[in-house]
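Worksheet: the structure to be examined is printed underneath.
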Amino acid sequence: MRVSVDRDRCCSSGMCVTNVPEVFDQDDQDSLVRLRRTTFRPEEFDELRLAAQLCPGGAITVTEDRPTGTAEAGGPAD
Ligand code: SF4
399 MRVSVDRDRC CSSGMCVTNV PEVFDQDDQD SLVRLRRTTF RPEEFDELRL
449 AAQLCPGGAI TVTEDRPTGT AEAGGPAD
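Under this note's numbering, the final residue of the sequence shown carries the number 476; numbering is consecutive throughout.
The following block contains the structure:
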C-alpha cells in the first residue's frame, strides 16, 4: 500500500492526525499534513483507508499494491 498527501488540498482539519497519529502529522509552521513515514504494516491498512475516506479536503490518496505474481490484465477492451 502507498499513501500520498496533497498539501494543496489539505485544510488542516487534523482529522487524520487524530485517527492515525502514527502515520500523519501536521507541520508546525503551516499546520498542513505531512507523513511521518511511507511504509505501512498490513494491520494499519484499514485505518489508512478510513483516514482517506474521512479527509474533508480529499487530500489523502491510498493506492493498493497489486498482489505479486498476478498477471497483468489485457489492454483496453476497444
Ligand atoms: S484529514 Fe485531510 S484536511 Fe485534515 S489535516 Fe489530514 S490531510 Fe489535511
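Cβ atoms here follow ideal geometry from the backbone N, Cα and C, with glycine treated the same way. For clarity, every value in this text was computed on a predicted model and none was experimentally measured.
Review point. Regarding residue 410 and the ligand SF4, is the C-beta to nearest heavy atom distance less than 7 Å?
Key: Taking the sequence shown and counting its residues from 1, the one referred to as residue 410 is at position 12. For residue 410, the CB falls within less than 7 Å of some heavy atom of the ligand SF4.
**Study point:** residue 399 to residue 443 span [Cα, whole Å]
**Key:** Here residue 399 refers to the residue found at position 1 of the sequence shown. Here residue 443 refers to the residue found at position 45 of the sequence shown. Straight-line Cα distance between these residues: approximately 7 Å.
Check your understanding: Thinking C-beta only, is residue 412 closer than 8 Å to residue 424?
Key -> Within the sequence shown, the letter at position 26 stands for residue 424. Within the sequence shown, the letter at position 14 stands for residue 412. Closer than 8 Å, so yes.
Exercise for review: Can you say whether residue 446 is buried or exposed, counting buried as having 16 or more other CB atoms within 10 angstroms of its CB?
Suggested key: Residue 446 sits at position 48 when you count from the first residue of the sequence shown. Residue environment for residue 446: buried (at least 16 other C-beta atoms within 10 angstroms of its C-beta).
Point to revise | Residue from 454, 451, 452, 439 whose Cα sits closest to the Cα of residue 463 | key: Along the sequence shown, read from residue 1 onward, the residue named residue 463 stands at position 65. Among 454, 451, 452, 439, the Cα nearest to that of residue 463 belongs to 439.
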